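So the structure is just underneath, and the comments pick up after that.
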Amino acid sequence: MNNHFGSTVSACTRQINTDRLNSIELTQGKPMLSLFLKLALVLFTLVVLGTALKIVVLPLAFVAGLLGFLAQYALPIALVGGVIWLIRRDRSQKRLPGS
Numbered sequence: 201m202n203n204h205f206g207s208t209v210s211a212c213t214r215q216i217n218t219d220r221l222n223s224i225e226l227t228q229g230k231p232m233l234s235l236f237l238k239l240a241l242v243l244f245t246l247v248v249l250g251t252a253l254k255i256v257v258l259p260l261a262f263v264a265g266l267l268g269f270l271a272q273y274a275l276p277i278a279l280v281g282g283v284i285w286l287i288r289r290d291r292s293q294k295r296l297p298g299s
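Okay, here's the thing in structure tokens:
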């Protein structure tokens, strides 16, 4: 059983070494071209993601800013105006019809 384990480890080691040699042979011919292609792919991906993010985020930021503006300025003005309108309406309804 111990001999079987040793042969399995040896086979795995040979496979790993073979894979390493194959990967070295594949990349030896064009290392700079591969590097430039990787950089170009990364830059292209960043441009696409940045554009998509702008398309999604800018309208959301606009809506959030509009809601913030309304909550900070328009809502208090509307509440104060509504309270004043209610007070005036109540006073005008309490008057006698003949006066």
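First residue of the sequence shown: 201, per my numbering; consecutive thereafter. C-beta atoms are modelled at their ideal positions from N, C-alpha and C, and glycine is treated no differently. Bear in mind that the values here come from a model prediction, so they are computed numbers and not experimental data.
Residue range of the alpha helix (DSSP H) that includes ALA278: 275-294
Sequence-distant residues of its chain with Cβ nearer than 7 Å to MET201 (five each side left out): Confidence at MET201 is low in this model, with a pLDDT of 49, below 50, so its placement is unreliable and no value can be given for it.
Distance between ARG291 and ILE277 (C-alpha atoms, nearest Å): 21 Å
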